[in-house]
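Notes to accompany the following structure.
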Amino acid sequence: MKKLQFNENFLKNFFILTTIFLAVITFFLILKPFIISFIWSSLFVISIWPIAIRLEKIFLGRRFLTLVFIFFLLLLIFIVPIILVINYLKNHITYLLYLCNQGKIHLPELKWLIKIPFFGKNIFSHYHLFIFKENPTITWKLIKDLKIYHYNNYYIFIKYIHHFTYFFLQLFFIILFSFFLYLKAETLKNIIYCLLNLVIPNYSNQIISTIIQTIRSISFGIFYTILIQGILGGIGLIISAVNYKIILMAVIILSCLVQLGPLPILLLIVFWLYVNNNSFLGTLLLIWSFFVGVLDNIIKLFLIKAGIDLPIILFFLGIAGGFLAFGFIGLFIGPIIMIIFYQLILIWVNEFPIKKNN
């Protein structure tokens, strides 16, 4: 009888645990398409919360008006550069493809490279091997590729349109979740506090404060880095004296937003200046680009680290490991996970101190 009762209890518990496990797995599978959007919206709301509270006071406590103002401002910052670049491409891509198909675009031979002491001839020969085939009047390989794209542009459009659709859907859900999180911020904070209180009763408040401080430090560090990168990139455009500075500035801002920085764009401009035999401005911009690239990494790490109470080695491991594992969002996830484990270790060490031998 006892054996039968034991088997019944075992089967009952087994089915309960299996049901819970399947429910959790199903829950995450259903929410999987929205997890990234929800994480981004959470990071965004936590980052701007102090600013949003100040704006709410300006709008006489009307949270909805504050939300509308914030998101219109953000759309202006993020969407305007994209619209400028797309509009420019729309107006000029047809003419560029026409020139490519007519064979009217040629890269120069850059004979002045031979005059560079010691390694000039080697650079010149490698340049011609890379750019040209049998004679130096043949159009650049990239331009030939553009011809292929011209004939297959509809195929490429259909092939890659899902990337743009996915991007705008993610952007829509980020905005939607951010509205919800901002409106219900206090309630959600209490729920998270109660859940953490079940796991670590005496330190839940400390952990939440640490996570919030980490997210804000990283967010403002990245924001100020983008601002400085944009200014330095703008100075580089002034040095280069190239045309279409507004369009290039918009491209630099987009490059900074995706954490590539202004360096790739500046190096492309350097190449363009050398191709057009403007070696003085090209060299000047190359030196400036090197300075910007070094300064960019130093400023970013310094600004992000400034507000995080974490040993420098753990901070670097969190930043680098998070970025390699999760991409751009890993810049947030990596340090947050590292600092949570670091704080938990400190808590446990303080609770169970090692007794020193006499």
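In numbering that gives the first Met the number 0, the protein residues as written are 0 to 357.
By construction, the Cβ of each residue, glycine as well, lies at the ideal position given by its N, Cα and C atoms.
Check residue 13 in the structure and name its three-state DSSP category. It is helical.
Residue 291 in three-state terms, based on DSSP: DSSP places residue 291 in helix when its eight states are reduced to three.
Residue 337 vs residue 322 beta-carbon contact at 9 Å: Going by C-beta atoms, residue 337 is not nearer than 9 Å to residue 322.
Would you tell me roughly how many angstroms separate the C-alpha atoms of residue 179 and residue 292, rounded to the nearest one? Rounded to whole angstroms, the gap between the alpha carbons of residue 179 and residue 292 is 39 Å.
Integer-rounded CB distance, given that residue 295 should sit under 8 Å from residue 262: With a Cβ gap of about 7 Å, residue 262 and residue 295 count as contacting.
Could you tell me if residue 78 is buried or exposed, where buried requires 16 or more neighbouring beta carbons within 10 angstroms of its beta carbon? Under a 10 Å Cβ-count criterion, residue 78 is classified as exposed, with fewer than 16 other Cβ atoms of the shown protein chains found around its own Cβ.
Measure the C-alpha to C-alpha separation of residue 230 and residue 271 and round it to an integer number of angstroms. Going by the C-alpha atoms only, they are around 21 Å apart.
contact_flag[the segment 166 to 176, the segment 47 to 58] where n(CB pairs < 8 Å) is 3 or more: At 8 Å Cβ cutoff, the stretches do not touch.
With a threshold of 9 Å between beta-carbons, can residue 280 be considered close to chain D, or not? No chain D appears in the structure shown, which is made up of a single protein chain.
Cβ pair residue 61, residue 181 closer than 9 Å: For residue 61 and residue 181, no; Cβs fall outside 9 Å.
Closest by CA to residue 221, which one among 299, 20, 26? The option with the nearest alpha carbon to residue 221 is 299.
Give me, in chain order, the residues of the same chain whose beta-carbon lies closer than 7 Å to that of residue 172; leave out the 5 immediate sequence neighbours on both sides. For residue 172, the CB contacts under 7 Å within the same chain, skipping 5 residues up- and downstream, are 33, 36 in chain order.
Pick from 289, 19, 45, 74 that is closest to residue 170, judged by C-alpha positions: For residue 170, the nearest C-alpha among the options comes from 74.
In this structure, how does DSSP classify residue 61 when only helix, strand and coil are distinguished? The three-state secondary structure of residue 61, taken from DSSP, is coil.
Leaving out the 5 sequence neighbours to the left and right, which residues in its chain are closer than 8 Å to residue 68 when beta-carbon positions are compared? Same-chain partners within the cutoff: 54, 58.
Return the chain-ordered list of same chain residues with a C-beta closer than 7 Å to the C-beta of residue 56, the five sequence neighbours on each side being excluded. Cβ within range, chain order: n/a, list empty.
Contacting residues, own chain, Cβ-Cβ under 6 Å from residue 19 (five flanking each side not counted): Around residue 19: no qualifying Cβ.
Taking the Cβ atom as the reference point for each residue, do residue 334 and residue 297 lie within a distance shorter than 9 Å? No, the pair does not count as a contact, with Cβ atoms beyond the cut-off.
Alpha-carbon spacing of residue 330 relative to residue 285, whole angstroms: If you take the alpha carbons of residue 330 and residue 285, they lie about 29 Å apart.
Euclidean distance between Cα positions of residue 66 and residue 218: C-alpha separation (whole angstroms): 19 Å.
Among residues of its own chain, excluding the 5 on either side of residue 228, which ones have a beta-carbon nearer than 7 Å to its beta-carbon? Once the five neighbours on either side are set aside, the close Cβ partners of residue 228 are 255, 260, 261, 295.
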